[in-house]
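Protein chains in written order, with the numbering used here: chain A, -19 to 235; chain B, -19 to 235.
We treat Cβ as the ideally placed atom computed from N, Cα and C, and that holds for glycine.
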């Protein structure tokens, strides 16, 4: 029986700055029925505080501990292992890691660091990994679009360091199993008690199912016709989060 | 029957600035017996002229067209296809490409570009490849040692662009089959008429054999005991280039 919903943000709750019709009420309804909620996103350029503020402005009120982003997951991972990160990440989220000791680093995090991706800093990341520091990736996307230009995302630089140091990165962000399991650990539930709702058939739905969760694809956001058929794993689909929440409540028992 | 020798430079003819005993005479002997000679190296920081000068200073006189380096191979490849390269290569060898038109580029070459590996230039390389420009690599090494520091070589950046643009690089440099075949094309011989002599069991010997040539490992330079057994492909081995040339001459017939 489902006891929690993991909900993607962009494309599921809103598109751009426009709320998906019924999304605010659907989230409120799930909450009223005591489904646990987690909001899971790969965003690597907004702090937790900024995201909570953005959501509030759109009408979604959520608790800080309900928000699960790839940088937060990386932070939790580092903190748990008491590691000192060398951070190649976006300026906007450096504050998220400022509570961790960063002198004499023994771990490397790569996010979309933009101009920080330079030869000297990449060498430093490589040298640390070569000496055995674990490599964390905040997502592993290939590129993103900004002002009509395609720009390199974190993925290619993670691949570069992996190759150079003959290592394998731990990717924190969808569709990584580690990421879903870490979000799961913040609930007290089993994987099969959770439904992930997202608009990305691979990142959200397939990733969740590979981690043992259930998955529901919504036909909003980046959804394109036929996406349901792109994976053979059994999953749900719904016109929007409104229908997805109704499905979850039909399969919910507060035992 | 062998009709040509492909000879690696460092570790086969010399180590540092010290000539391998008998190497000058061995090369002269092969030449006198009319074996065709090609000198093949991956070096990506010395121009053809600089390498020829270095060799001359050590006592080796060779014709410009006998020298085959990864940058020269990349140049020939671009010229043959009449492509305009975007060059992310070492400062020292930029002059090697200055005869090619580089405005409005439609190909990308990546060598060990050091500080030129920055976000803006890597984005430019990626964008071109994303639009269909072929990606050439001058070797694909992971890292090199300089002043006791390990530094990123071209390989990791080639992997980064390959991943970002979902493309596959053509590697010009040993052990790439393309590279050996291009050097072969400069002779008028069949692959099995050529013996590659090198101190790197993978880069020189295995690479050559995979391209259809014969391979001979010399026990000088970077050779380490047991290297002969690291590949199962049949190959020769010799104490040094002196013995390797003798072997070749026993198997030579000027028909």
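For a test of the three-state rule: what should DSSP assign to residue i, helix, strand or coil?
i	result
residue -11(A)	coil
residue 156(B)	coil
residue 21(B)	strand
residue 235(B)	With a pLDDT of only 48 at residue 235(B), under 50, the local geometry of the prediction cannot be trusted, and the value read off the model is given with reservation. In this structure, residue 235(B) counts as coil in the three-state DSSP scheme.
residue 194(A)	strand
residue 129(B)	strand
residue 75(B)	helix
residue 210(A)	helix
residue 117(A)	strand
residue -17(A)	coil
residue 189(A)	helix
residue 203(A)	coil
residue 150(B)	strand
residue 216(B)	strand
residue 80(A)	coil
residue 47(A)	strand
residue 16(A)	strand
For residue i versus residue j, is the C-beta spacing smaller than 7 Å?
i	j	result
residue 152(A)	residue 54(A)	yes
residue 254(A)	residue -9(A)	The question about residue 254(A) has no answer here: the residues shown for chain A are numbered -19 through 235.
residue -18(A)	residue 175(A)	yes
residue 291(A)	residue 135(A)	Residue 291(A) lies beyond the range of chain A shown here (-19 to 235); nothing can be said about it.
residue 68(A)	residue 90(A)	yes
residue 216(A)	residue 196(A)	yes
residue 98(A)	residue 147(A)	no
residue 93(A)	residue 115(A)	no
residue 167(A)	residue -16(A)	yes
residue 27(A)	residue 81(A)	no
residue 179(A)	residue 198(A)	yes
residue 139(B)	residue 3(A)	no
residue 144(B)	residue 122(A)	yes
residue 19(A)	residue 38(A)	no
residue 221(B)	residue 186(B)	no
residue 224(A)	residue 177(A)	yes
Span of the alpha helix (DSSP H) holding residue i?
i	result
residue 4(B)	3 to 12
residue 33(A)	28 to 38
residue 101(A)	99 to 110
residue 135(A)	134 to 145
residue 224(B)	221 to 230
residue 59(A)	50 to 60
Give the interface partners of residue i over in chain B, defined as CB-CB distance under 9 Å, in chain order.
i	result
residue 135(A)	140, 143 and 144
residue 159(A)	Ordered by position in chain B, no residue passes the 9 Å Cβ test against residue 159(A), which lies about 19 Å from the chain.
In or out: residue i buried (at least 16 other Cβ within 10 Å) or exposed?
i	result
residue 107(A)	buried
residue 65(A)	buried
residue 22(B)	buried
residue 232(A)	buried
residue 213(A)	exposed
residue 5(A)	exposed
residue 0(B)	buried
residue 162(B)	buried
residue 156(B)	buried
residue 238(A)	Because chain A in this structure spans residues -19 to 235, residue 238(A) falls outside the shown range and cannot be described.
residue 235(A)	At residue 235(A) the pLDDT is 48, less than 50, meaning the model places this residue with poor confidence; the figure from the coordinates comes in the next sentence. By the 10 Å Cβ count, residue 235(A) comes out exposed.
residue 75(B)	exposed
residue -4(B)	exposed
residue 209(B)	exposed
residue 261(A)	Given a span of -19 to 235 for chain A in the structure shown, any question on residue 261(A) remains unanswerable.
residue -2(A)	exposed
residue 96(B)	buried
residue 44(B)	exposed
Under 7 Å between beta-carbons, which chain B residues line up against residue i? List them in chain order, please.
i	result
residue 122(A)	143 and 144
residue 103(A)	131 and 132
Show which residues of chain B have a CB atom less than 8 Å away from the CB atom of residue i.
i	result
residue 162(A)	Correct list: empty, because the minimum Cβ distance to chain B is about 24 Å.
residue 170(A)	Within 8 Å Cβ-Cβ: nothing; residue 170(A) doesn't reach chain B, min ~35 Å.
Which residues in chain C have a C-beta closer than 7 Å to the C-beta of residue i? List them in chain order.
i	result
residue 95(B)	The chain labelled as chain C is not found among the protein chains of the depicted structure, namely A and B.
Could you name the residues of chain A that residue i contacts, counting a contact when the two beta carbons are closer than 7 Å?
i	result
residue 110(B)	130
residue 107(B)	130
How far does the beta strand (DSSP E) with residue i in it reach, from first residue to last?
i	result
residue 178(B)	174 to 178
residue 87(A)	87 to 90
residue 68(B)	65 to 68
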